[in-house]
Amino acid sequence: MRHWFSENGRPGIHNYMQIMGDSTPKGEKMANKYLYDSTYNGKRLVVSKDLYNWIVMYGSATANDESFEKTAEHWYYTSLENMFARLFVKLHRLDLKSLETRDILTAIGKVESRMMDIGAALDRKGVENGWR
């Protein structure tokens with residue numbers, strides 16, 4: 311059984327990231343570390359994870375990965391539940407065109423569909439990375 315402690319007995323971040331599937335070897339494409347990557351209203355929406363946080367990036371759909379990471383808005387969440395709750399509100403605000411009932415319900419429907427897509431993508435990537 312593999313453990314995430316380094317040789318000196320202290321927790322090793324690199325070992326932990328390898329077990330969790332979060333490490334990206336040098337030369338590997340940046341897109342492989344994204345758990346979810348899609349365009350939304352002409353902008354790019356990316357979800358990734360580091361050791362402690364869920365990271366949501368929202369920015370230009372035409373930028374390459376390197377410039378996207380530098381220029382995109384970054385939102386950090388410590389729990390998956392918190393990320394989904396705040397992301398639902400942010401995406402709803404971006405989708406809302408007016409305060410008419412029809413527009414509100416349409417925006418809610420679009421965001422619910424998008425949130426289910428994000429959840430399914432995270433679930434697939436989690437299974438690929440060996441999360442339980």
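If you want my numbering, it's the 1-based position in the sequence shown plus 310.
All C-beta atoms, glycine included, are put in the ideal place defined by N, C-alpha and C.
- Residue environment: residue 358 is assigned as buried (16 or more neighbouring CB atoms within 10 Å of its CB, all protein chains considered).
- Counting along the chain, the unbroken alpha helix (DSSP H) around residue 379 starts and ends at 375-381.
- Ranking 419, 364 and 412 by CA distance to the CA of residue 401 puts 419 first.
- Counting along the chain, no beta strand (DSSP E) covers residue 413; the unbroken alpha helix (DSSP H) around it starts and ends at 411-438.
- Beta-bridge pairing by DSSP links residue 384 to 367.
- Three or more beta-carbon pairs separated by less than 8 Å link the stretch 384-398 to the stretch 357-375, which places the two stretches in contact.
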